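Take a look at the structure below.
Numbering (my numbering), first residue to last: 90 to 197.
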């Protein structure tokens, strides 16, 4: 993938190979490939996903993500229905890919 005249390495599943290369422009490009137009709601979840990863050094499971969102005083967003509305092809798959963190182990 080329963004801002820079080659960004992705693995075979479309995940960033180097988490340190992530920025919002890359996230927008990955989201476009996922047919997602980023809104403030999306960004909120993406930054929570990144925060979880940076804190615990693992990609979250759905249960972990919901608990983490709830712990961040975002109770209205800590349910799977809300998350699937934002990431309809799979919350963990799409949100982690857009957030630039490694593929969750439970994503096949």
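Each residue gets a CB set at the ideal place from its N, CA and C atoms; glycine is no exception.
Fair warning: this is a prediction, and the values are worked out from it, not measured in the lab.
Comparing alpha-carbon positions, which option in the options lies nearest residue i?
i: residue 50; options: 182, 189, 168, 176; result: Since the first and last residues shown for the chain are 90 and 197, residue 50 lies out of range.
i: residue 141; options: 91, 188, 93; result: 188
i: residue 130; options: 167, 182, 109; result: 167
i: residue 112; options: 123, 135, 126; result: 135
i: residue 160; options: 185, 114, 148, 137; result: 137
With which residues is residue i paired in a DSSP beta bridge?
i: residue 99; result: 105
What would DSSP say about residue i, mapped onto helix, strand or coil?
i: residue 91; result: strand
i: residue 169; result: helix
i: residue 110; result: helix
i: residue 128; result: coil
Within its chain, find whatever has a CB closer than 8 Å to the CB of residue i; leave out the 5 residues flanking it on each side and keep chain order.
i: residue 100; result: 106, 192
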